[in-house]
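S.K.: A single structure is presented below for examination.
Residue numbers (the working numbering): 4 to 470.
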């Protein structure tokens, strides 16, 4: 069947959940290769518009006639078993693939597949590595979980040598991948509705290590305690692998970032000097994005690029030209003289990193508009969410974005604002965009910074509230 999928004959593909960032990239790759592509999604979105502009027929809701016409049906892990298109595809005995399973087949085409895994930082690290490879003229195939501004897309079809892609652990998706090398940025408690325990997450990452091709490479963050457990597992169970470490604080890391400083009055925000085996690699590198976490992402990108034979000049050029992935503290406009930014952070660790990253930016007040992503995350992390938001001067929490879940426990975002208020913080729960717009129009002042935070519909609020 794999040979059937990757032969040169044009086929009809139907993608259920086509508006997702990874699914939309697969759809465009298939279209560019001469296939007929259709899809469905639950709502209109920026990605759906992009797909339609490229001639892909997208239905909002369901259209089982498209399923009947398809040779191959692909669906995302978020699609329920009772979805009527998926039910129809099974009834008709179509060739059906879950997104990660299909991506795993595509990955096998490439000689040098590089998967970027980890709970946080996958998109930024994938984007940085991609930008360096592009600057070096290597023409990689890319699949990234955001718009990479340098190519104005979330994918690129290159040659059959290098494939740089995000390798997500949700529902063990990355166990469908057999990369030549992989990065593990960090390991944290997330997707607990699926994994239940940190131990199960670590087991999943250890299984992923066993998927790396023989004599491949693994890059591991030595500053992260959970990742070090996977490092020890790899050292014992995969003696064939080239194990490459990176970090900031751990002097034992092969690649290390030192001399980290914020840059004043410049187009750049941070600078650091990379070291390899304790030796300075070259001139200091400047970044246009903030936050210590992005130094860690950058040193991971340096490790991957250097071990793939890319010269330091291209590494420096790729990182210094990188302006950030979309929805990573992305400027969206102004309201009442206040600047509006949008960020994808949807886990307490990511919100803390965001808060730390913007702490050096002068502002009258910093206002968070937070949409929690999934009920299970709020149940598991509500105290941590409140702590991670506590450095903002004002916190507005809105309705929880359900995604694939049902609210079985009757939980709301108000539980987060109540914790903040109990600790003396200025927090308010507003359950709709009209109420948020009214509040911001009345409250925002010149010099404020407003950040919309979350992985769901909160990204739309910037356009609603801006002047």
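The C-beta atom is built at its ideal place from N, Cα and C for all residues, glycine as well.
For residue 17, I'd like the list of residues in its chain whose CB is within less than 6 Å of its CB, leaving aside the five on either flank, ordered along the chain.
M.R.: Answer for residue 17: 41, 69, 70, 73 and 76, listed in chain order.
S.K.: Can you give me the Cβ contacts of residue 179 inside the same chain, cut-off strictly under 6 Å, excluding the 5 residues immediately before and after it?
M.R.: So the qualifying residues of the chain are 103, 104 and 107.
S.K.: Quick check on residue 110: does DSSP put it in helix, strand or coil?
M.R.: Looking at residue 110 - three-state DSSP - the assignment turns out to be helix.
S.K.: Quick one: complete beta strand (DSSP E) runs, 3+ long, within the region 298 to 386?
M.R.: For the region 298 to 386, whole beta strand (DSSP E) runs of length 3 or above, ordered along the chain, are 333 to 338, 341 to 346 and 369 to 373.
S.K.: Pull up the distance between the alpha-carbon of residue 313 and that of residue 136, whole angstroms please.
M.R.: Roughly 8 Å between the two C-alpha positions.
S.K.: Less than 9 Å between the beta carbons of residue 292 and residue 186, yes or no?
M.R.: No, they are not a contact pair.
S.K.: Whose C-alpha, out of 155, 143 and 416, is nearest the C-alpha of residue 168?
M.R.: Measuring from the Cα of residue 168, the nearest candidate turns out to be 143.
S.K.: Using 8 Å as the Cβ pair cut-off and three pairs as the minimum, do the region 303 to 319 and the region 337 to 347 touch?
M.R.: Result no; under three Cβ-Cβ pairs closer than 8 Å.
S.K.: Can you tell me the Cβ-Cβ gap for residue 182 and residue 67, rounded? I've got them flagged as a contact below 8 Å.
M.R.: Actually they do not touch by this definition, with Cβ atoms about 36 Å apart.
S.K.: CB-CB under 7 Å to residue 160, same chain, minus the five flanking residues each way: which ones, in chain order?
M.R.: The answer, listed in chain order, is 32, 35 and 144.
S.K.: Judging by CA-CA distance, which residue of 327, 197, 257 and 154 is the nearest neighbour of residue 302?
M.R.: The residue with the shortest Cα to Cα distance from residue 302 is 257.
S.K.: Out of 411, 367 and 380, which one is the CA nearest neighbour of residue 353?
M.R.: The residue with the shortest Cα to Cα distance from residue 353 is 380.
S.K.: For residue 462, count the other beta carbons within 10 Å of its own beta carbon; 16 or more makes it buried, fewer makes it exposed. Which is it?
M.R.: Under this definition residue 462 is a buried residue.
S.K.: Given a cut-off of 9 Å, decide if residue 366 and residue 470 are closer than it, judged by their beta-carbon atoms.
M.R.: Their beta carbons are not under 9 Å apart, which means residue 470 does not touch residue 366 by this criterion.
S.K.: Check this for me: beta carbons of residue 357 and residue 294, under 9 Å apart or not?
M.R.: Taking 9 Å as the Cβ cut-off, residue 357 and residue 294 qualify as a contacting pair.
S.K.: Where residue 166 and residue 189 are concerned, what is the direct C-alpha to C-alpha distance, given to the nearest angstrom?
M.R.: Taking the straight line joining both Cα atoms gives about 21 Å.
S.K.: If the criterion is Cβ atoms closer than 9 Å, does the pair residue 134 and residue 24 meet it?
M.R.: No, these two residues do not count as a Cβ contact at 9 Å.
S.K.: Consult DSSP for residue 416 and reduce its assignment to one of helix, strand or coil.
M.R.: Of the three classes helix, strand and coil, the one that applies to residue 416 here is coil, per DSSP.
S.K.: Using three-state DSSP, classify residue 192 as helix, strand or coil.
M.R.: Three-state DSSP puts residue 192 in coil, outside helix and strand.
S.K.: Between the C-alpha atoms of residue 289 and residue 437, what's the straight-line distance to the nearest angstrom?
M.R.: Whole-angstrom Cα-Cα distance: 40 Å.
S.K.: If we count the other Cβ atoms within 10 Å of its Cβ and call it buried at 16 or more, is residue 351 buried or exposed?
M.R.: The residue is buried, with at least 16 neighbouring Cβ atoms inside 10 Å.
S.K.: Please classify residue 22 as buried or exposed, where buried requires at least 16 other C-beta atoms within 10 Å of its C-beta.
M.R.: Looking at its Cβ environment, which holds 16 or more other Cβ atoms inside 10 Å, residue 22 is buried.
S.K.: For the pair the region 382 to 391 and the region 202 to 222, tell me if three or more CB-CB distances fall below 8 Å.
M.R.: Verdict: no, contact absent.
S.K.: Does DSSP put residue 395 in a helix, a strand or coil?
M.R.: Residue 395 falls in the coil class under three-state DSSP.
S.K.: To test your reading of the DSSP string, which unbroken beta strand (DSSP E) runs of 3 or more residues are found completely within the region 18 to 57?
M.R.: With a minimum length of 3 residues, the continuous beta strand (DSSP E) runs that stay inside the region 18 to 57 are 39 to 44.
S.K.: Going by Cα to Cα distance, which pick from 332, 323, 277 and 80 is closest to residue 309?
M.R.: Out of 332, 323, 277 and 80, 277 has the C-alpha closest to the C-alpha of residue 309.
S.K.: Sort 223, 297 and 324 by Cα distance to residue 154 and report the nearest one.
M.R.: That would be 324, whose Cα lies nearest to the Cα of residue 154.
S.K.: Who does residue 430 pair with in a DSSP beta bridge?
M.R.: According to DSSP, residue 430 bridges with 398.
S.K.: Kindly indicate which residue of 252, 298, 284 and 255 has the alpha-carbon position closest to the one of residue 274.
M.R.: Among 252, 298, 284 and 255, the Cα nearest to that of residue 274 belongs to 298.
S.K.: Would you report the Cα separation of residue 364 and residue 267, rounded to the nearest angstrom?
M.R.: Rounded to the nearest angstrom, the two C-alpha atoms are 10 Å apart.
S.K.: Is the CB-CB distance between residue 152 and residue 348 below 9 Å?
M.R.: The answer is no: Cβ separation not under 9 Å.
S.K.: Assuming the contact rule is C-beta atoms closer than 8 Å, residue 43 and residue 62 should be a hit. Round their C-beta distance to whole Å, please.
M.R.: Indeed they touch by this definition, with Cβ atoms about 4 Å apart.
S.K.: Please say whether residue 121 and residue 296 have beta carbons closer to each other than 9 Å?
M.R.: No, Cβ-Cβ distance for residue 296 and residue 121 is not below 9 Å.
S.K.: Skipping 5 residues on each side, what residues in its chain have a beta carbon closer than 6 Å to that of residue 333?
M.R.: Once the five neighbours on either side are set aside, the close Cβ partners of residue 333 are 345.
S.K.: Measuring straight from C-alpha to C-alpha, what distance separates residue 226 and residue 247?
M.R.: Near 13 Å, if we compare the C-alpha coordinates of residue 247 and residue 226.
S.K.: Residue 196 to residue 287, Cα distance in whole Å?
M.R.: Spanning the two alpha carbons is a distance of roughly 43 Å.
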